[in-house]
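Enquirer:
Residue numbers (the numbering used here): 63 to 301.
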């Protein structure tokens, strides 16, 4: 008597879904124009209510890109404050950690690109070159983080490298008083926009010394526009 062998049933596996391509964080999200204008209008209205903002040298800012805005950093409110009174949209260079945190979606929505702090970020350099060639405006806080003492700290060299490679104007911006945001009733916040600076290397190739000198040139210009208590490491050479 022959035994019946159970027939093995073959279960068809569902086709694997193609993996989503990883987002290129170095290609900033293009915020719709209507959203950017609305956001800027709301920001200005809020600042009008909670701050006493004074603008100095606003006429120094070019009407269109490409250019770089470099500012000192005292409070998180500096991020919207510095470009809030400019007409064009801007692209922020923000620390990489922000893209992985809870506010990562907002950082992307505002059109930021990441920077890896503490290392030579070649992707950032290439992305910055490309964006500036396309006439964009970059906003950089060269110190890399907010000052807890109000005084300027040593800047990272990325600003000098980006500016030298691109050859575009750098607008130094000095902000003070923003450290009192949401701590005092309508504190006076002064934003001073300096004259654009064109930075060039000494020779045909960009050297480490060129990068350091370029960064220091911008930071000293920012310090000159600040009251002495804010100048920090860049105050010694200012008379």
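A virtual CB, placed ideally from N, CA and C, is assigned to each residue, including glycine.
(1) Quick one: Cα of residue 199 to Cα of residue 245, how far?
(2) So, at 8 Å on beta carbons, what are the nonlocal neighbours of residue 92 in its own chain, with the 5 sequence-adjacent residues on each side left out?
(3) Let me make sure I understand the geometry here. Which of 176, 288, 147 has the alpha-carbon closest to that of residue 100?
(4) Can you tell me whether residue 183 is buried or exposed, with buried defined as 16 or more other CB within 10 angstroms of its CB?
(5) Assign residue 108 to buried or exposed, taking buried as 16 or more other Cβ atoms, counted over all protein chains shown, within 10 Å of its Cβ.
(6) By how many angstroms is the C-alpha of residue 234 removed from the C-alpha of residue 209?
(7) Note down the Cα distance separating residue 163 from residue 169, rounded to an integer number of angstroms.
(8) Report all residues from its chain with a CB closer than 7 Å to the CB of residue 259; omit the five preceding and five following residues, and keep chain order.
(9) Rounded to whole angstroms, what is the Cα-Cα separation between residue 141 and residue 155?
(10) Candidates 113, 271, 131, 179: which alpha carbon is nearest residue 248's?
(11) Just checking, does the segment 209 to 220 make contact with the segment 114 to 126 on the three C-beta pairs under 8 Å criterion?
(12) So what's residue 207 in DSSP terms, helix, strand or just coil?
(13) Restricting to Cα atoms, I'd like to know which of 252, 227, 201, 229 is closest to residue 236.
Expert: Once the coordinates are examined:
(1) In the chain shown, the residue the question calls residue 199 occupies position 137. In the chain shown, the residue the question calls residue 245 occupies position 183. In this model, residue 199 and residue 245 are separated by some 31 Å (Cα to Cα).
(2) Mapped onto the chain shown, residue 92 falls at position 30. Annotation for residue 92: 173 place their beta carbon closer than 8 Å to its own, counting only its chain and skipping 5 residues before and after.
(3) Locating residue 100 in the chain shown gives position 38, counting from the first residue. Here the closest residue by C-alpha is 147.
(4) Translated into positions along the chain shown, residue 183 becomes position 121. By the C-beta density criterion, residue 183 is buried, having at least 16 other C-beta atoms within 10 angstroms.
(5) Looking up residue 108 in the chain shown gives position 46. Exposed, by the Cβ-count rule.
(6) Against the chain shown, residue 209 aligns to sequence position 147. Against the chain shown, residue 234 aligns to sequence position 172. When rounded, the distance between both Cα atoms is 17 Å.
(7) What you label residue 163 is simply residue 101 of the chain shown in a count that begins at 1. What you label residue 169 is simply residue 107 of the chain shown in a count that begins at 1. Whole-angstrom Cα-Cα distance: 10 Å.
(8) Reading the chain shown from its first residue, position 197 is the one you call residue 259. Excluding positions up to five away in sequence, the list reads 231, 232, 234, 279, 280, 283.
(9) Position 79 of the chain shown, counted from the start, is the residue given in the question as residue 141. Position 93 of the chain shown, counted from the start, is the residue given in the question as residue 155. Cα to Cα, residue 141 sits roughly 10 Å from residue 155.
(10) Reading the chain shown from its first residue, position 186 is the one you call residue 248. The option with the nearest alpha carbon to residue 248 is 113.
(11) With the rule of 3 Cβ pairs closer than 8 Å, the segment 209 to 220 does not count as touching the segment 114 to 126.
(12) Within the chain shown, numbered from 1, the residue matching residue 207 stands at position 145. Residue 207 falls in the coil class under three-state DSSP.
(13) Taking the chain shown and counting its residues from 1, one reaches residue 236 at position 174. It is 252.
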